[in-house]
Amino acid sequence: MAEIRPIEVPERLGTPESAPFEAFAALAESFKVETLGDADTSFGVDELFAFSRDQAYTERRRFGAWEGGRMIGTASVFWEVDGGVAAFCPTLGVVPEHRRRGIGSALLAAVEQAAASAGRTNLAVFGDHPIPDPDRPGERVLAPQGDAWLPADDPVVRFAREHGYRLGQLDRMSAMPLTGRAAEFAARLADSETASPDYRLVSWADAAPDELVDALAVAKEHMSVDAPSGAIGFEREVWDAARVRADERAAREAGRARFLTAAVAADGAIAGYTQLTNAPRKTVAYQDDTIVLAPYRGHGLGLRMKLANALALTRAAPERTRVITWNADENAHMLRINTALGFRPIALESSWAR
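Written out as structure tokens, the structure reads:
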């Protein structure tokens, strides 16, 4: 039987002590390639390292399964330090030749025990999936909301259900081409401004302007709970200016360039914001947060902010060829905006709870 061991964050990379951490990153990336066909959505080891060093706000634990001196499985879990009972397992995988031997179950047990020991009793487990063939026969597993589904014989589905987890939500992973679209984005942005003349857009790279950092913290706190969450128990994250700056610092250390656009109301409040992230050594960008706070909805700010941010990205980083984003399948409003921008589905991400 494989041995399950925790993986510590090393003092630095490229040392004998960092070998388990580096092996974890490589194996986690291989699972992305196996399921999705590329490593576009994986974290490089330097990125994982940068985001793991400071755990003042988010506690992260990682585990590896070893057999014969080789890592053959990985799992990770994280939770908010100031949170309640929620924890999240974004990574759990075993190399193909060692599957169906109980190693995944042992890794899941390690994650569950780590979360429970910290008082986090509501664990959500995530998985990636290719989009199923609509003509595929057999049992379908439906999310509580939305129209997406997964085949019951999908390996992640089978594993989750065998361990008592139920499907809580399906996110649609979509991609949008960027190349050669700067003029289009500029023209559409100009047309969109008439719907929201009372809001000015402010765009920046990496670090928020000092005069907006407090308002951005408020918006980020709303972002943590305002997005549709299906049957998954997301909890409000506590954000302030210090956390915003710490998050920006970690992104810089990870080599991740960020582009943000905020809609600012007349009183200086951030009515909404959107964020794009460029990972190092890739030609893809990630569409991360997008939110319009409830009092400011109905003025087309979501589309306007996204157009402005996409334009800023194409001008600053023309090597980026596409954007990948994730949206709850039941989030019809945001999916309509993204479809209008040119996003098309490429995969699904499942969330499981029990």
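In terms of the UniProt record's numbering, the sequence shown opens at residue 1 and continues consecutively.
By construction, the Cβ of each residue, glycine as well, lies at the ideal position given by its N, Cα and C atoms.
Since this is a predicted model, take the numbers as computed values, not measurements.
{"Asked": "Residues near V33 by beta carbon distance below 6 Å, same chain, minus five either side", "Found": "A39"}
{"Asked": "Whether Y296 touches L216 by CB criterion (9 Å)", "Found": "no"}
{"Asked": "Of the residues G64, A250, E22, W326, the one placed nearest M173, counting alpha carbons only", "Found": "W326"}
{"Asked": "Three-state class that DSSP yields for H299 in the structure shown", "Found": "coil"}
{"Asked": "Buried/exposed call for S42, threshold 16 Cβ in 10 Å", "Found": "buried"}
{"Asked": "Straight-line gap, L27 to L301 (C-alpha atoms, nearest Å)", "Found": "40 Å"}
{"Asked": "Separation of Q287 from R166, as counted between CA atoms", "Found": "27 Å"}
{"Asked": "Contact between the stretch 72-81 and the stretch 50-58 (3+ Cβ pairs under 8 Å)", "Found": "yes"}
{"Asked": "Where D171 falls, given that 16 or more other Cβ within 10 Å makes a residue buried", "Found": "buried"}
{"Asked": "Contacts around I7, its chain only, beta-carbon distance under 7 Å, and the 5 residues preceding and following it disregarded", "Found": "P20, F21, F24, R62, F63, G64"}
{"Asked": "Three-state class that DSSP yields for residue 424 in the structure shown", "Found": "In the structure as shown, the chain starts at 1 and stops at 354, and residue 424 therefore has no counterpart that could be examined."}
{"Asked": "Residue span of the alpha helix (DSSP H) that contains F51, given as start and end", "Found": "45-53"}
{"Asked": "Rounded C-alpha distance that separates A2 from H163", "Found": "19 Å"}
{"Asked": "Whole alpha helix (DSSP H) elements within the stretch 82-159, 4-residue minimum", "Found": "103-117"}
{"Asked": "Cβ-based neighbour list, N278, same chain, cut-off 7 Å, excluding 5 preceding and 5 following", "Found": "R256, A257, A285, A317, R320"}
{"Asked": "Close Cβ partners of W239 (< 7 Å) along its chain, the five nearest in sequence each way excluded", "Found": "A217, K220, E221"}
{"Asked": "R158 to I232 span [Cα, whole Å]", "Found": "19 Å"}
{"Asked": "Segment contact, 8 Å Cβ cut-off, at least three pairs: the stretch 234-252 with the stretch 187-199", "Found": "no"}
{"Asked": "Buried versus exposed, by CB contacts within 10 Å (16 or more), H129", "Found": "buried"}
{"Asked": "C-beta contact flag for E235 and G44 at 9 Å", "Found": "no"}
{"Asked": "Cα-Cα separation between S18 and A271, rounded to whole angstroms", "Found": "43 Å"}
{"Asked": "Within 9 Å, strictly: CB atoms of V111 and V125", "Found": "yes"}
{"Asked": "Under the three-state DSSP convention, the category T194 falls into", "Found": "helix"}
{"Asked": "Proximity of H333 and S196 at Cβ, strictly below 9 Å", "Found": "no"}
{"Asked": "CA nearest to the CA of A205, picked from A118, P90, L276, D154", "Found": "L276"}
{"Asked": "Candidates E97, F49, E29, T35: closest to G14 by CA position", "Found": "F49"}
{"Asked": "Bridge partners - V284, DSSP secondary structure assignment", "Found": "R322"}
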